[in-house]
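J.: These protein sequences, in sequence, are chains H and G.
For any residue, its number in the numbering used here is found by taking its place in the first sequence, counting from 1, and adding 333.
For any residue, its number in the numbering used here is found by taking its place in the second sequence, counting from 1, and adding 5.
Glycine included, C-beta positions come from ideal geometry on N, C-alpha and C.
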Amino acid sequence: MTTTSHGDVYIPFEEAMSRYEPIIGIETHVELGTNSKMWCGCSTDFGSDANTQVCPVCLGLPGSMPVVNRVAVESTIRIGLALNCNIAQWCRFARKNYFYPDMPKDYQISQYDEPLCYDGYLDVTVDTPDGPQVFRVEIERVHMEEDTGKLTHTGGATGRIHGAEYSLVDYNRAGIPLIEIVTKTVIGTGSLAPEVAKAYVKELRDVMRALGVSDVRMEEGSMRCDVNLSLNKPGDGWGTRSETKNVNSLRSVERAVRSEIERQASVLDNGGRVIQETRHFHEDTGRSTSGRSKEQAEDYRYFPEPDLVPVAPSLDWVEELRAGLPEMPSVKRARLKEEWNINDFELASLANSGALDLVEATIAIGVDSVAARKWWTGELLRVANEQGVELEALRVAPQDIQQVEALITSGALNDKLARQVFEGILASEGTVEEIIATRGLAVVSDDGALLAAIDEALAAAPDVAEKILSGKIQAAGAVVGAVMKATKGQADAAKVRALLLERLGVSE
Amino acid sequence: MTSISRADVAHLGRLARLELTESELDHYSEQLDVILQSVARISEVAADDIPPMSHPIPMVNVFRDDVVKPSLTREEALAAAPATEDDRFRVPRILDEE
């Protein structure tokens, strides 16, 4: 049993799971990647100077009126269809009233009892000791709303709300189209609850990527999760749930579920009662701290948004969007596994490293599948891990691999030189041709130059030449190595070997 | 019998961040009650086949294209703010909220 500085007590996960069953629910917010905001034409670019992407509408100035972004509705319908939801034939926006300066209007336009999409599901796969296991996560609803402004708390010692003297607000993010995806309660996961939660969020992220509706960067906040969790003893009714907010990485989803199971189990073990509250997850400790108590139900006084008319997507529109859906990630994985003739483990490692789409794109432009996998999951993944970025964030494009592979095939490059080409690309030194030219990376294919290097190496090691001549052909390796060294690796080792044997008049 | 209690009005006052005196609570309870009773009379004649409407004109799907339009300049955006700092709106510290 461990106690944190906040007074929360935890018992080991396995012990908790021996007495309790977890029930989880996940709310995910996704910022849509539209050009303009939900209700106005302000840009949605990330990282701009504070308060430079605001207008009377998203500042809530008197007399301004919102108008719905068509692409945001379209994206939401596509998300709903991808998650096997029903699409409402008629639904409205609702005004959610609350006082907090992250929304200058003092309300957020959201959807309440009439979400655009409802009753869907997403199947997720979790690796277990017995092999992959599929869980169906049912989707309660997908609704449209707007993101809020960004607050910076100033004056306090910790930079958090408590102790802050005042707050500074940047409204660039206010009004960016936001989608909330709410699961139904997920039961029956047992001790796989942390893995199922993580797998769900990951699959959801992959679906969003496939749809191209969001950049889903959890570290930049364009995808954020809240995890609801309760425990009960087998056979008993459901327990009281807590809601853990601020869960902003895939790893944290898993950790947040695990941590909350360990905490609630300890509370229940000691005859305590789990409080219905909002908790805040902390990346650094992997634990959450108690936030606002939700004992008193929130009173947002939702009512139909009077400034907007209902959304009533026609069946034709919905069917047109359905027909245009891309291949879903799970379908694609199954297809590639077969096409590339790889096993579950190889597939999982490709998918987990984010290499799947890159490898597929590389193969699509003619690169051999083994070579494409080798570069992405070998050298390039190593660099990405070293730099702590996603593979796709590297500057290398499938076309670069295609060019390099073509040069290897023609004998102009070898593996070692190819690695140097990629090193150059990663360092923004230019195109493949430019890097080869400026770094002088061409394989030395001039026989004269190679023969001169071979003669030099033989002269330096006369005993080796004798060994080869006496039939110990494996001794040739030492000469080849010396030539490769002399040419700074810019020779084709097989060719050097052939030339050497020819020089000595030895045949294999 | 009144359809809104004094406690309801006090609660709504808190939600709206309005500080209401005892006499104001009495006053608004009476006024809101009249309004609610008037609305209740409409409910009496509204049958199930007449859905509640939230917009006076029966129209749907008013959309705009996803096109970026110029925003205000930062100076314009911050012009009406009571206090600013570091190009941001400066607001009092917030407690007891998220």
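#1: Using the Cβ count rule (16 or more neighbours within 10 Å means buried), how would you classify H/Asn685?
#2: Could you confirm whether any beta carbon from chain G is found closer than 7 Å to the beta carbon of H/Glu631?
#3: Counting only Cβ pairs nearer than 7 Å, list the residues of chain H close to G/Pro97.
#4: Please work out which residues of its chain come closer than 6 Å, Cβ to Cβ, to H/Cys450, disregarding the five sequence neighbours upstream and downstream, and give them in chain order.
#5: What residues in its chain sit with their C-beta under 6 Å from that of H/Lys483, if we drop five residues either side in the sequence?
#6: CA-CA distance, H/Lys665 and H/Glu587?
#7: Counting C-beta neighbours from all protein chains within 10 Å, is the total for H/Pro345 16 or more, i.e. buried, or is it exposed?
#8: Classify H/Pro731 as helix, strand or coil using the three-state DSSP reduction.
#9: For G/Arg22, go through chain H and note every residue whose CB falls closer than 8 Å to its CB, in chain order.
#10: Give the interface partners of H/Pro639 over in chain G, defined as CB-CB distance under 8 Å, in chain order.
#11: So is H/Gly374 in contact with chain G if we call contact Cβ pairs under 7 Å?
#12: Starting from G/Val14, find everything on chain H with Cβ-Cβ shorter than 8 Å and list it in chain order.
#13: Which residues in the same chain have their Cβ closer than 7 Å to the Cβ of H/Val839, if we skip the five residues on either side of it in sequence?
#14: Mapping the DSSP letters down to three states, classify G/Leu25 as helix, strand or coil.
#15: Which residues in chain G sit within 8 Å of H/Asp649, going by Cβ to Cβ distance?
#16: Along the chain, where does the alpha helix (DSSP H) containing H/Leu501 start, and where does it finish?
#17: With a threshold of 7 Å between beta-carbons, can H/Gln386 be considered close to chain G, or not?
#18: So what does DSSP say about H/Val776, is it helix, strand or coil?
#19: Find the residues of chain G that neighbour H/Ala443, judging by a C-beta separation of less than 7 Å, and give them in chain order.
#20: Check for me: the beta strand (DSSP E) holding H/Met556 runs from which residue to which?
#21: Would you list, in chain order, the members of the segment 578-609 of chain H that have their beta-carbon closer than 7 Å to a beta-carbon of chain G?
#22: Starting from G/Arg69, find everything on chain H with Cβ-Cβ shorter than 9 Å and list it in chain order.
#23: Could you give the first and the last residue of the continuous beta strand (DSSP E) run that contains H/Asp452?
#24: Assign H/Ala785 to buried or exposed, taking buried as 16 or more other Cβ atoms, counted over all protein chains shown, within 10 Å of its Cβ.
#25: Name the residue from H/Gln597, H/Leu774, H/Val812 whose alpha carbon lies nearest to the alpha carbon of H/Ser623.
#26: With distances taken from CA atoms, which of H/Cys424, H/Ala415, H/Met436, H/Thr385 is nearest G/Ala84?
#27: Give the straight-line distance between the Cα atoms of H/His613 and H/Thr522, rounded to the nearest whole angstrom.
#28: Please work out which residues of its chain come closer than 8 Å, Cβ to Cβ, to H/Met817, disregarding the five sequence neighbours upstream and downstream, and give them in chain order.
#29: What did DSSP end up calling G/Ala107 once you bin it into helix, strand or coil?
#30: What does a CB cutoff of less than 7 Å around H/Ala645 pick up in its chain, not counting 5 residues either side in sequence?
#31: Beta-carbon within less than 7 Å of H/Pro643's beta-carbon, same chain only, minus the 5 sequence neighbours each way: which residues are those?
T.: For this structure:
#1: Taking the first residue of the first sequence as 1, we reach residue 685 of chain H at position 352. When all chains shown are included, H/Asn685 counts as exposed.
#2: Within the first sequence, the letter at position 298 stands for residue 631 of chain H. Closer than 7 Å: no.
#3: As a working note, residue 97 of chain G is residue 92 in the second sequence. Within chain H, the residues near G/Pro97 are Tyr499.
#4: Locating residue 450 of chain H in the first sequence gives position 117, counting from the first residue. Contacts found: Gly413, Cys418, Ile420, Val475.
#5: In the first sequence, counting from the first residue as 1, residue 483 of chain H sits at position 150. Asp503, Arg506, listed in sequence order.
#6: Counting from one through the first sequence, the residue named residue 665 of chain H turns up at place 332. Counting from one through the first sequence, the residue named residue 587 of chain H turns up at place 254. Their backbone Cα atoms lie some 25 Å apart in a straight line.
#7: Position 12 of the first sequence, counted from the first residue, corresponds to residue 345 of chain H. That one is exposed.
#8: For the purposes of this step, residue 731 of chain H is identified with residue 398 of the first sequence, where counting begins at 1. When secondary structure is reduced to three states using DSSP, H/Pro731 falls in the helix class.
#9: In the second sequence, residue 22 of chain G corresponds to position 17, counting from 1. Near G/Arg22 (Cβ distances below 8 Å), the residues of chain H are Phe432.
#10: Here residue 639 of chain H is taken as the residue at index 306 of the first sequence, counted from 1. What H/Pro639 touches in chain G: Ser59, His60.
#11: For the purposes of this step, residue 374 of chain H is identified with residue 41 of the first sequence, where counting begins at 1. It does: the Cβ of H/Gly374 has a partner Cβ on chain G nearer than 7 Å.
#12: As a first step, residue 14 of chain G is located in the second sequence; it is residue number 9 there, counting from the start. Result: empty, since nearest Cβ-Cβ is about 14 Å, beyond 8 Å.
#13: As a first step, residue 839 of chain H must be located in the first sequence, where it is residue number 506. If we look at H/Val839 and ignore the five residues flanking it on each side, its Cβ neighbours are Ile801, Leu802, Ile806.
#14: Translated into positions along the second sequence, residue 25 of chain G becomes position 20. DSSP places G/Leu25 in coil when its eight states are reduced to three.
#15: The residue given as residue 649 of chain H occupies position 316 in the first sequence. Simply none; closest approach about 13 Å.
#16: As a position in the first sequence, residue 501 of chain H is number 168, starting the count at 1. No alpha helix (DSSP H) holds H/Leu501; the beta strand (DSSP E) holding it covers 499-503.
#17: By one-based count along the first sequence, residue 386 of chain H stands at place 53. Taking Cβ atoms only, chain G reaches closer than 7 Å to H/Gln386, which makes this a yes.
#18: Here residue 776 of chain H refers to the residue found at position 443 when the first sequence is read from its first residue. Here H/Val776 sits in coil by DSSP.
#19: To locate residue 443 of chain H, count along the first sequence from 1; it is residue 110. Per the sequence shown, residue 443 of chain H should be read as Ser rather than Ala. Going along chain G, no residue has its Cβ under 7 Å from H/Ser443, so there is no contact; the nearest lies around 14 Å.
#20: Here residue 556 of chain H refers to the residue found at position 223 of the first sequence. Its beta strand (DSSP E) spans residues 556-565.
#21: none
#22: Against the second sequence, residue 69 of chain G aligns to sequence position 64. What G/Arg69 touches in chain H: Ser369, Trp372, Cys373, Gly374, Val400, Val401, Asn402, Arg403.
#23: Mapped onto the first sequence, residue 452 of chain H falls at position 119. Membership of H/Asp452 in the beta strand (DSSP E) is indicated by the continuous run 450-461.
#24: Position 452 of the first sequence, counted from the start, is the residue given in the question as residue 785 of chain H. Under this definition H/Ala785 is an exposed residue.
#25: By 1-based counting over the first sequence, the position of residue 623 of chain H is 290. For H/Ser623, the nearest C-alpha among the options comes from H/Gln597.
#26: Translated into positions along the second sequence, residue 84 of chain G becomes position 79. Looking at the Cα atoms, H/Thr385 is the closest of the given residues.
#27: Within the first sequence, the letter at position 280 stands for residue 613 of chain H. Within the first sequence, the letter at position 189 stands for residue 522 of chain H. Whole-angstrom Cα-Cα distance: 24 Å.
#28: Translated into positions along the first sequence, residue 817 of chain H becomes position 484. Hits under 8 Å: Ala824, Ala826, Val829.
#29: As displayed, chain G neither begins before 6 nor continues past 103, which places residue 107 of chain G out of reach and without an answer.
#30: Locating residue 645 of chain H in the first sequence gives position 312, counting from the first residue. Gln422, Trp423, listed in sequence order.
#31: Here the question's residue 643 of chain H lines up with position 310 in the first sequence. Result list for H/Pro643: Trp423, Cys424, Arg425, in chain order.
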